[in-house]
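Note that the UniProt record's numbering numbers the sequence shown so that position 56 is 539, with each residue one more than the last.
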Amino acid sequence: MELENGLRKALEQNQLLLHYQPQVDLQSGEIIGVEALVRWIHKEHGFISPAEFIPLAEETGLIVPLGKWVLKEACSQMKSWHDQGFAKIPIAVNISVRQIQDDHFVDSVKRTLKEVGLEPTYLELEITESVMQNIEKSTLILKQLKELGLKVSIDDFGTGYSSLSYLKHLPIDNIKIDKSFVDDIIYHINQGVMVKTIIDMGINLGFNVIAEGIETKEQVNFLKENACMVGQGYFFSRPLTADKLEELFKSGQ
Ligand code: G
Ligand code: G
Ligand code: MN
Ligand code: NA
């Protein structure tokens with residue numbers, strides 16, 4: 484309850500902020516996208532991880548206003564970077580199932596893009612396999628979102644309990660291989676086989692495949708050898724404040 488009230492306050496009083504993690508072309512090393520990740524610096528308790536407060540926000544329904552704030556902030560920031568002449572790259576925003584199920588979600592995304600002036604093609608919504616719990620409604624909503632011109636990614640791919648058959652039906656652009664698969668690709672042959680298979684399947688189905696949680700050069704090499712084009716992880720960069728990411732853009736990486 485205390486945390487819940489705190490979060491409500493944080494939202495009202497602008498105590499949330501976004502960090503941005505680069506997504507990198509594994510061949511060229513170029514930054515080709517950025518994922519927005521929400522942060523909460525509590526006045527007394529300090530840093531509170533989204534792994535803690537996002538589930539709370541989902542339970543209490545606060546995720547809807549919180550998600551709106553994140554979306555608008557992330558889109559405004561990317562629009563500002565575009566206007567400043569940095570590379571025109573997309574912004575990826577995490578979306579909870581609960582947000583998608585909100586009746587006003589599509590309208591809200593549409594309105595936000597319009598208000599901010601960001602072209603829809605530069606927005607990628609990251610959803611998890613949990614949206615498959617309600618496959619019919621999710622398919623409908625995702626189709627409407629795609630009609631706006633934005634992109635959709637399946638986040639944490641391979642960790643949900645859903646059947647793979649959804650991949651044939653849902654209008655998806657990218658799949659993001661979960662960090663847990665990437666962790667042991669070098670040392671566990673089975674993990675390597677899994678990752679290689681996910682990459683092949685993704686490519687054959689026409690998706691872009693992004694590997695998450697890359698921490699070592701060996702992982703980068705393995706992924707490159709197996710035709711994965713894009714990666715994200717501490718090896719390239721931790722999630723950064725907007726200012727720090729801007730410095731990185733300016734330094735030409
Ligand atoms: O950035 P970090 O690893 O601390 O994030 C922890 C978890 O919180 C991840 O699962 C991430 O997807 C989730 N998360 C971070 N930012 C957001 C957000 O803006 N919205 C939602 N729904 N989840 C987020
Ligand atoms: O669920 P999602 O994939 O959105 O969560 C991303 C989370 O993973 C964020 O909290 C981010 O801070 C974290 N993260 C990103 N790259 C790495 C990494 O290389 N190693 C670890 N341990 N965490 C990472
Ligand atoms: Mn994500
Ligand atoms: Na992710």
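All C-beta atoms in this analysis are idealised placements derived from N, C-alpha and C, irrespective of residue type, glycine included.
Treat the numbers as computed from the prediction; the structure is a model and nothing was measured.
Residue i: CB within 7 Å of a non-hydrogen atom of ligand 2
| i | result |
| --- | --- |
| residue 524 | no |
| residue 722 | yes |
| residue 657 | no |
| residue 639 | yes |
| residue 609 | yes |
| residue 662 | yes |
| residue 670 | no |
Rounded distance between the beta-carbons of residue j and residue i, thought under 8 Å
| i | j | result |
| --- | --- | --- |
| residue 713 | residue 691 | 6 Å |
| residue 642 | residue 656 | Rounded, the Cβ-Cβ distance is 19 Å, inconsistent with contact. |
| residue 579 | residue 546 | 5 Å |
| residue 732 | residue 530 | No, residue 732 and residue 530 are not in contact; Cβ-Cβ is about 25 Å, not under 8 Å. |
| residue 506 | residue 693 | 6 Å |
Residue i: CB within 7 Å of a non-hydrogen atom of ligand 3
| i | result |
| --- | --- |
| residue 518 | yes |
| residue 488 | no |
| residue 617 | no |
| residue 470 | Absent from the structure is residue 470, since the part of the chain shown begins at 484 and ends at 736. |
Residue i beta carbon near ligand 1 (any heavy atom closer than 7 Å)
| i | result |
| --- | --- |
| residue 439 | With the chain running from 484 to 736 in the structure shown, residue 439 is simply not present. |
| residue 591 | no |
| residue 505 | no |
| residue 537 | yes |
| residue 814 | Nothing about residue 814 can be reported from this structure: the residues present for the chain run from 484 to 736 only. |
| residue 710 | no |
Beta-carbon proximity of residue i to residue j, cut-off 8 Å
| i | j | result |
| --- | --- | --- |
| residue 638 | residue 607 | no |
| residue 599 | residue 555 | yes |
| residue 512 | residue 572 | no |
| residue 640 | residue 658 | yes |
| residue 490 | residue 722 | no |
| residue 675 | residue 696 | no |
| residue 445 | residue 699 | Since the first residue shown for the chain is 484 and the last is 736, residue 445 is missing from the structure and cannot be characterised. |
| residue 603 | residue 647 | no |
| residue 601 | residue 558 | yes |
Beta bridge counterpart(s) of residue i as assigned by DSSP
| i | result |
| --- | --- |
| residue 504 | 518 |
| residue 525 | 529 |
| residue 691 | 657 |
| residue 611 | 638 |
Which listed residue (the options) has its alpha carbon closest to that of residue i
| i | options | result |
| --- | --- | --- |
| residue 508 | 721, 734, 707 and 591 | 707 |
| residue 583 | 630, 613, 734 and 723 | 613 |
| residue 522 | 616, 542 and 552 | 552 |
| residue 587 | 617, 628 and 674 | 628 |
| residue 493 | 524, 506, 729 and 558 | 524 |
| residue 653 | 695, 595 and 619 | 619 |
| residue 561 | 580, 502 and 705 | 502 |
| residue 740 | 489, 495, 682 and 729 | This structure does not reach residue 740, given that the chain is present from 484 up to 736, and the question cannot be answered. |
| residue 542 | 731, 486, 559 and 702 | 486 |
| residue 705 | 678, 604 and 546 | 678 |
| residue 687 | 696, 701, 674 and 711 | 711 |
| residue 498 | 488, 646 and 635 | 488 |
| residue 504 | 673, 565, 576 and 530 | 576 |
| residue 518 | 605, 680, 624 and 536 | 605 |
| residue 538 | 667, 709, 581 and 699 | 581 |
| residue 644 | 615, 733, 624 and 566 | 615 |
| residue 550 | 649, 732, 595 and 630 | 595 |
| residue 734 | 671, 514 and 565 | 514 |
| residue 611 | 650, 703 and 709 | 650 |
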